[in-house]
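Have a look at the structure below, then the notes.
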Amino acid sequence: MKDHMESQPVEEPGSTAENAPVDGTSATVPVRTGRMAALARRLRQPIPGARTRVRFEMPPEEEAGTSLEATGTDDDHGFGAPGPRMSSQHPLYVGFMGTAGVGVALLVFYIASNTTQLLLWIVAALFIALGLDPVVRWLETRKFPRPAGILISLTVLVLAVAGFFATLIPTIVEQVSEIVRQAPDWIRSFLDSDFFRTVDSQFGVRDRITTELDKFVKDPEAMGGIFGGVVGFGSTVANGLFGTLIVLVLSLYFLAALPSMKKWAYRLAPRSRRPRVEALSEAITDSVGNYVIGQACVALLNAFFAFIVMSILGIPFSVLLAFVVALLAFIPLVGGLIAGVVVILVALTAGWQTAVIYAIAYFAYLQFEAYFISPRIMQRAVAVPGAVAVISVIAGGSLLGVLGALIAIPTAAAIMLLIKEVFIARQDRH
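Just add 2 to the spot in the sequence shown (first one is 1) and you have the numbering used here.
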């Protein structure tokens with residue numbers, strides 16, 4: 003009897019026949035809901051064996067007085083306390099460090115000599131990032147998120163570059179087509195001139211030219227040189243476009259990571275000197291950014307004035323020349339002078355009177371710009387003596403070309419600030 007009672011199934015509460023659903027279709031609703039919930043839980047679970055990507059982060063900066071010696075917790079991270087350093091006067095230490103120093107210097111020289119183009123791209127991207135950072139911070143003060151400010155700044159820059167090339171390429175194609183179309187007439191008129199007939203009768207120039215042309219056409223090395231020159235020009239254009247793309251992408255990354263990059267750089271200095279290093283670094287980066295923005299404003303005003311004068315005087319290719327003036331005027335001190343000479347040479351095609359009028363108007367504007375516009379725009383930028391500015395621009399242009407001329411004055415200003423605040427301050431204390 004007892005075994006019979008134990009073998010009876012025990013009914014759970016709520017499982018009686020009277021609680022069972024009468025309709026068969028309604029019983030499937032809880033089953034489907036349970037299956038959906040189980041499927042959702044399974045989808046939320048991580049894939050077996052998958053792990054989240056490990057991000058390398060800077061360890062938090064310890065507060066003053068919380069060092070390992072002060073707290074006594076030398077195994078917080080499980081690695082134990084560091085042992086004593088080897089004496090710097092030990093022969094093994096001196097020999098090893100000297101050899102390692104020479105090896106590192108040779109390695110750095112080898113890397114720098116074989117990655118010159120990449121280093122130039124990095125310097126150009128960093129220069130652009132420091133120049134656009136004040137604009138991004140200004141947009142942040144206007145309640146724009148930093149990604150939106152970066153996107154707006156780079157979009158304006160890309161549109162300006164695209165506008166320049168969109169104006170430059172059709173003009174070049176038009177001028178080359180015009181030259182090719184008129185070249186036969188120019189050659190024919192020259193061959194029919196009295197001057198060429200006189201020279202040809204005395205020296206036999208026509209026969210000499212015909213002979214040399216035949217040799218040139220039949221020479222495979224000469225024809226191969228022409229083909230190689232065309233291929234080299236195409237590769238140069240492709241490398242230029244690729245470099246422009248790389249600089250824009252690096253500028254985007256530098257702009258996005260500039261605050262983090264500064265924090266990382268400040269942590270490389272000893273903690274006792276970090277406030278001073280941070281203050282000097284912020285002053286240098288701010289001066290570079292203000293210089294780039296100020297010089298860009300000066301260049302745009304210069305190009306706008308040149309475009310108005312060229313449009314009034316009827317100088318050809320005024321839009322393209324305005325872009326050229328803006329690019330050249332961005333180079334300090336000598337850029338405006340070179341731009342004026344270029345436009346004057348083009349203006350000579352419209353008459354010497356037009357060229358003289360433009361020269362008077364443009365160089366008068368340069369004087370006005372030097373005494374009234376630049377001091378007001380560049381008052382928050384760097385202050386470099388004239389002699390140092392000229393020397394730095396020439397040296398930068400000789401070393402790195404146009405890029406060196408652009409970054410010469412900010413670099414000179416940074417060096418002068420470091421000399422003033424570090425070296426001279428140290429000398430004054432002795």
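For each residue, glycine too, the CB sits at the ideal point set by N, CA and C.
- In the DSSP annotation of this structure, proline 334 is not part of any alpha helix (DSSP H), being labelled neither H nor E.
- Around the C-beta of valine 251, fewer than 16 other C-beta atoms lie within 10 Å, and the residue is accordingly described as exposed.
- The three-state secondary structure of alanine 164, taken from DSSP, is helix.
- Excluding its 5 nearest sequence neighbours in each direction, isoleucine 189 has no C-beta neighbour in its own chain below 6 Å.
- The criterion of a C-beta distance shorter than 9 Å is not satisfied by leucine 254 and isoleucine 124.
- Between the alpha carbons of isoleucine 286 and methionine 263 lies a distance of about 15 Å.
- Assignment of valine 321 by DSSP, reduced to helix, strand and coil, places it in the helix class.
- Taking arginine 378 as reference, the option from Val106, Tyr293, Ser89 and Pro318 with the minimal CA-CA separation is Tyr293.
- Residue environment: threonine 413 is assigned as buried (16 or more neighbouring CB atoms within 10 Å of its CB, all protein chains considered).
- Inter-segment contact for the region 311-321 and the region 397-413 is absent: fewer than three beta-carbon pairs are separated by less than 8 Å.
- Membership of serine 115 in the alpha helix (DSSP H) is indicated by the continuous run 93-116.
- Relative to alanine 127, the option among Glu142, Val96, Ile409 and Arg37 whose CA is nearest is Ile409.
- Glutamine 184 sits exposed, since fewer than 16 C-beta atoms from the chains shown fall within 10 Å of its C-beta.
- Listed in chain order, the beta strand (DSSP E) runs fully inside the region 250-335 amount to none, counting runs of at least 3 residues.
- Taking every protein chain shown into account, the CB of asparagine 304 has 16 or more other CB atoms within 10 angstroms, so this residue is buried.
- In this structure, valine 290 places its C-beta atom within 9 Å of the C-beta atom of phenylalanine 129.
- With contact defined as three or more Cβ pairs closer than 8 Å, the region 263-275 and the region 99-113 are not in contact.
- Counted as a single uninterrupted DSSP element, the alpha helix (DSSP H) harbouring glutamine 204 occupies residues 196-205.
- If you compare the alpha carbons of Val327, Thr118 and Gly165 with that of isoleucine 340, the shortest gap goes to Val327.
- Between the region 330-345 and the region 299-318, the count of Cβ pairs shorter than 8 Å is three or higher; the stretches touch.
- The beta-carbon separation of isoleucine 317 and tyrosine 360, rounded to 7 Å, stays under the 8 Å limit for a contact.
- With a 10 Å radius around the Cβ and a threshold of 16 neighbouring Cβ atoms, proline 147 comes out exposed.
- Selection Val160, Val137, Gln204 and Arg278 evaluated against valine 249 yields Val160 as nearest (Cα-Cα).
- Under the criterion of beta carbons closer than 8 Å, leucine 315 and threonine 356 qualify as touching, at roughly 5 Å.
- Distance between alanine 114 and leucine 368, taken at the CA atoms: about 40 Å.
- With respect to the 9 Å criterion, leucine 132 and leucine 282 are not classified as neighbours on the basis of their beta carbons.
- DSSP places valine 175 in the helix class (H, G or I) of the three-state scheme.
- Around the beta carbon of serine 313, fewer than 16 other beta carbons lie within 10 angstroms, which makes this residue exposed.
- Going by C-alpha positions, serine 191 is about 51 Å away from alanine 391.
- Apart from sequence neighbours up to five positions away, the residues of its chain that approach leucine 405 with a beta-carbon distance below 6 Å are Ala126, ordered along the chain.
- Proline 86 counts as exposed, since fewer than 16 other C-beta atoms from the protein chains shown sit within 10 angstroms of its C-beta.
- Shown here, proline 149 sits in a helix according to DSSP, grouped into three states.
- Looking at the backbone, the Cα of phenylalanine 306 and that of glycine 353 are separated by about 23 Å.
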